[in-house]
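Participant:
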Amino acid sequence: MAAATTDDSNVANSNLESLWDVPEGDMEEFERDLAMATGIGKSKRKGKSKRGPREYPLTPELKAMLGDANQHYIDREYAEAIALYQEIVRQDSKVHSAWVNLGMIQEELGNPDKALLLKMVAAHLKPKDADTWKSLAAASIELGVRHQAIYCLKKVLSANPKDVDALWDRSFLLKEDGKSEAAIMGFTELLEITPHHVKVIDELAKLYRSKNDLVKAIELYEGAMDYHFENDNLDEAGDDNENVFRYTEINMLTELYIMVNEYEKALMCIKFGILYLQRRIDEIDWDSPLDSDDHDEDFDSDPADPASKGNADFPMELRTRMAVCRIHLGHIDVAKKHVQYLSNAPVTEYSDLYQEVAAAYMEKGHYDLALKLLQAIIDAEDAVDVDVLIRSGDCYREVGELETAIQFYHAVLEEQTDNLDVMMALAQVYEEIGEEEKAFDLVTQGE
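FYI, the numbering for the sequence shown is 1 to 447, going by full-length UniProt numbering.
1. Whole angstroms are fine: how far does the CA of N233 sit from the CA of R76?
2. Let me know the secondary structure DSSP gives L329 once reduced to three states.
3. On the criterion of 16 or more Cβ atoms from any shown chain inside 10 Å, does S158 qualify as buried, or is it exposed?
4. Alpha carbon to alpha carbon, how far is L173 from T194?
5. Can you list the alpha helix (DSSP H) stretches of 4 or more residues lying completely in the UniProt repeat "TPR" (386-419), in chain order?
6. Run the CB neighbour count on Y56, radius 10 Å, all protein chains shown included, and call it buried at 16 or more, exposed below.
7. Mind reading off the beta-carbon distance from I88 to A69? Whole number of angstroms is fine, and I expect it under 8 Å.
8. Using CA coordinates, which residue listed in L167, Y367 and A266 is at the minimum distance from R319?
9. On the premise that A139 lies in contact with V156, defined as a C-beta separation below 8 Å, what is that separation, rounded to the nearest angstrom?
10. What do you reckon, are the CB atoms on I218 and L204 nearer than 9 Å?
11. Sort K63, N101, I332 and D129 by Cα distance to L118 and report the nearest one.
12. Using 9 Å as the threshold, is the C-beta distance between N251 and P161 below it?
13. Within 8 Å, do at least three Cβ pairs link the segment 349-366 to the segment 294-301?
14. Judging by CA-CA distance, which residue of V200, V324 and Y227 is the nearest neighbour of T254?
15. Based on Cα-Cα distance, which residue from R391, Y354 and H196 lies nearest to A380?
16. Under 8 Å by Cβ, that's how I've got M362 and D394 pegged, so tell me the actual separation to the nearest angstrom.
17. Report all residues from its chain with a CB closer than 7 Å to the CB of V339; omit the five preceding and five following residues, and keep chain order.
18. Below 6 Å CB to CB, which residues in the same chain sit around I206 once its five sequence neighbours on both sides are set aside?
19. Could you give the uninterrupted runs of the alpha helix (DSSP H) lying entirely in the UniProt repeat "TPR" (130-163), keeping only those of 4 residues or more?
20. Can you tell me where the alpha helix (DSSP H) holding N231 begins and where it ends?
21. Kindly indicate the opening and closing residues of the alpha helix (DSSP H) around R90.
22. Buried or exposed, going by whether 16 or more other CB atoms sit within 10 Å of the CB of I281?
23. Here's the rule I'm using: 16 or more other beta-carbon atoms within 10 Å means buried, otherwise exposed. How should D226 be labelled?
24. By the DSSP assignment, the alpha helix (DSSP H) with H124 in it spans what residues?
25. Exposed or buried, what is S301 when buried is set at 16 or more other beta-carbons lying within 10 Å of its beta-carbon?
26. Does the beta-carbon of T348 have 16 or more other beta-carbons within 10 angstroms, so that it is buried, or is it exposed?
27. Which whole-angstrom value is the C-beta distance of R321 and I258, which I expect to be below 8 Å?
28. Kindly list the residues whose CB is nearer than 8 Å to the CB of Q91, restricted to its own chain and excluding five residues on each side of it in sequence; keep chain order.
29. Would the beta-carbon of A166 fall within 9 Å of that of A130?
30. Near V399, which residues of its chain fall below 8 Å by C-beta distance, leaving aside the five closest residues on each side in sequence?
31. Look at I433 and E403 and say whether their C-beta atoms are less than 9 Å apart.
32. Just reading off the alpha helix (DSSP H) that V384 is part of, what are its end residues?
33. Starting from the Cα of I327, find the closest Cα among L275, V443, E262 and K199 and give me that residue.
34. Could you tell me the distance, in whole angstroms, from the CA atom of E80 to the CA atom of R146?
35. For V260, does the three-state DSSP call read helix, strand or coil?
36. Grab me the residues of F229's own chain with a C-beta within less than 6 Å of its C-beta, minus the 5 sequence neighbours each way, in chain order.
Laid out in structure tokens, this is it:
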């Protein structure tokens, strides 16, 4: 049995070795190698029209040999079967079933890589068999041969350009492979077939964000939000429906607005999104601007009003971003109300959100309010993130507690000895308290 697997490693000729794991950019070479190995593409009949698929003609001798090989395969006499199949493809490399059965034998012998290689050769003999190419793509993914999976899915799309599953899988693999432009093209093509599909937009938006093209990401979500708010029936859409605009998408669009400093748009997106998803769409005034007297009461739960019980039931990320928007818009009292909801939640579970609000407070000069949140993180966590220590040092410096700021900066430098920004900040604090020699030592150390 061992001899059978060894013999098959030279299934046609040495050119087959180079068919394994070929990058997509080298697919023309892939095709040439395959032509050399099997004879595919060496010559084409001219002057005759195609009549569609026909059974490949075999000589009587090859038919008899194939019958014998098949019987050996059925009887699990693999060595004999392999020898005959190899002789068949040596004499005529276009015998599809011989390649397929060689692949099946290798699969049964526990050699999935060889099996896949042989089935790839067979697939080229029937290039329009989309199901076979899909199966080969799945096998390639399982074996970690991503480039080959992308190639197989390209073959699927050659047979059926509107196969949404193949378009999705190929685009996703291209994204994972770092081919952003090709992935964007694939997802965009998919979006033309399934307009405003949320799952596709999520992936496209990530790609646009990675290229810092935030405007395109925002436009995608805005279009999808308008479409789904108008057309979705939330009562009929199940939790497993991937094409529904939910809190995740509201959060993503809000984050994008905040990244481009569109705080009012971000706030309105959150408010409209929550009202929509809480089935309170009748309460939305789509044309109303942000009211300066609005304290976001529609998103509070009032114990005295049973009808408001579920109003505050939405993700903490959105509550946090409401606070961030209010801070940047200068509505500190309203922001504090939202921050109180966050403060009632476990610090260890939401420390990143605590930091997000603290950063917003710092940007607007509210260092005392930022310190309360940063100190809550320090008190709750055993291992404190260096960014929290840096921000704490900066805040203590801004509020005039310079000795405490020094302690935090030193704590950072114990972890990051070459952090030049912290060195310079500490040097400036030493200057402020009159310890010029220590400041000079830090400056020269950083040079």
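Built from N, CA and C at the ideal position, the CB exists for glycine as well. Note that the structure is a prediction, hence the values are computed from the model and not measured.
Facilitator: Concretely, from the data shown:
1. Locating residue 76 in the sequence shown gives position 76, counting from the first residue. Locating residue 233 in the sequence shown gives position 233, counting from the first residue. R76 and N233: Cα-Cα distance of roughly 56 Å.
2. By 1-based counting over the sequence shown, the position of residue 329 is 329. Note: L329 maps to coil in three-state DSSP.
3. Here residue 158 is taken as the residue at index 158 of the sequence shown, counted from 1. That one is exposed.
4. As a working mapping, residue 173 is identified with position 173 in the sequence shown. As a working mapping, residue 194 is identified with position 194 in the sequence shown. One C-alpha to the other measures close to 19 Å.
5. 386-398 and 402-415
6. Numbered from its first residue, the sequence shown carries residue 56 at position 56. Counting Cβ neighbours within 10 Å, Y56 comes out exposed, since fewer than 16 surround it.
7. Position 88 of the sequence shown, counting from 1, holds the residue named residue 88. Position 69 of the sequence shown, counting from 1, holds the residue named residue 69. Between A69 and I88 the Cβ distance is about 7 Å, and since that is below 8 Å, they are a contact.
8. Along the sequence shown, one-based indexing puts residue 319 at 319. Checked all of L167, Y367 and A266; the closest Cα to R319 is A266.
9. Along the sequence shown, read from residue 1 onward, the residue named residue 156 stands at position 156. Along the sequence shown, read from residue 1 onward, the residue named residue 139 stands at position 139. Going by Cβ atoms, the distance from V156 to A139 rounds to 13 Å, so no, they are not a contact pair.
10. For the purposes of this step, residue 218 is taken as residue 218 along the sequence shown, with counting starting at 1. For the purposes of this step, residue 204 is taken as residue 204 along the sequence shown, with counting starting at 1. In this structure, L204 does not lie closer than 9 Å to I218 by Cβ.
11. Within the sequence shown, the letter at position 118 stands for residue 118. Measuring from the Cα of L118, the nearest candidate turns out to be N101.
12. Mapped onto the sequence shown, residue 251 falls at position 251. Mapped onto the sequence shown, residue 161 falls at position 161. Not in contact: N251 and P161 (Cβ atoms no closer than 9 Å).
13. no
14. Residue 254 sits at position 254 when you count from the first residue of the sequence shown. Answer by Cα proximity: V324.
15. Taking the first residue of the sequence shown as 1, we reach residue 380 at position 380. For the residues R391, Y354 and H196, the minimum Cα distance to A380 belongs to Y354.
16. As a first step, residue 362 is located in the sequence shown; it is residue number 362 there, counting from the start. As a first step, residue 394 is located in the sequence shown; it is residue number 394 there, counting from the start. Indeed, because the Cβ distance is near 7 Å, the residues count as touching under 8 Å.
17. Taking the first residue of the sequence shown as 1, we reach residue 339 at position 339. Taken in chain order, the residues that qualify are A323 and V357.
18. For the purposes of this step, residue 206 is identified with residue 206 of the sequence shown, where counting begins at 1. Position check: residue 206 holds Lys in this sequence, whereas Ile was assumed. Taken in chain order, the list of residues that qualify is empty.
19. 130-142 and 146-159
20. If you number the sequence shown from 1, residue 231 lands on position 231. From DSSP, the alpha helix (DSSP H) with N231 extends over L214 to N231.
21. Counting from one through the sequence shown, the residue named residue 90 turns up at place 90. Its alpha helix (DSSP H) spans residues Y78 to Q91.
22. Stepping through the sequence shown from its first residue, residue 281 is reached at position 281. Exposed.
23. Against the sequence shown, residue 226 aligns to sequence position 226. Its Cβ having fewer than 16 others within 10 Å, D226 is exposed.
24. For this step, residue 124 is matched to residue 124 along the sequence shown. Element bounds for H124: P112 to L125.
25. Position 301 of the sequence shown, counted from the first residue, corresponds to residue 301. S301 comes out exposed.
26. Taking the first residue of the sequence shown as position 1, residue 348 is located at position 348. Exposed, by the Cβ-count rule.
27. In the sequence shown, residue 321 corresponds to position 321, counting from 1. In the sequence shown, residue 258 corresponds to position 258, counting from 1. Between I258 and R321 the Cβ distance is about 7 Å, and since that is below 8 Å, they are a contact.
28. By one-based count along the sequence shown, residue 91 stands at place 91. For Q91, where only same-chain residues beyond five positions count, the Cβ hits under 8 Å are L62.
29. To locate residue 166, count along the sequence shown from 1; it is residue 166. To locate residue 130, count along the sequence shown from 1; it is residue 130. Yes, the Cβ-Cβ distance between A166 and A130 is below 9 Å.
30. What you label residue 399 is simply residue 399 of the sequence shown in a count that begins at 1. Y367, D368 and L371.
31. Residue numbering aside, residue 433 sits at position 433 when the sequence shown is read from its first letter. Residue numbering aside, residue 403 sits at position 403 when the sequence shown is read from its first letter. Yes, the Cβ-Cβ distance between I433 and E403 is below 9 Å.
32. Position 384 of the sequence shown, counted from the start, is the residue given in the question as residue 384. Looking at the DSSP string, V384 is not in any alpha helix (DSSP H), and its letter there is neither H nor E.
33. For the purposes of this step, residue 327 is identified with residue 327 of the sequence shown, where counting begins at 1. The shortest C-alpha separation from I327 is found at E262.
34. If you number the sequence shown from 1, residue 80 lands on position 80. If you number the sequence shown from 1, residue 146 lands on position 146. Whole-angstrom Cα-Cα distance: 34 Å.
35. Walking along the sequence shown from the start, residue 260 turns up at place 260. Three-state result, V260: coil.
36. Mapped onto the sequence shown, residue 229 falls at position 229. Closer than 6 Å at the Cβ level, and outside the excluded window around F229, lie Y276.
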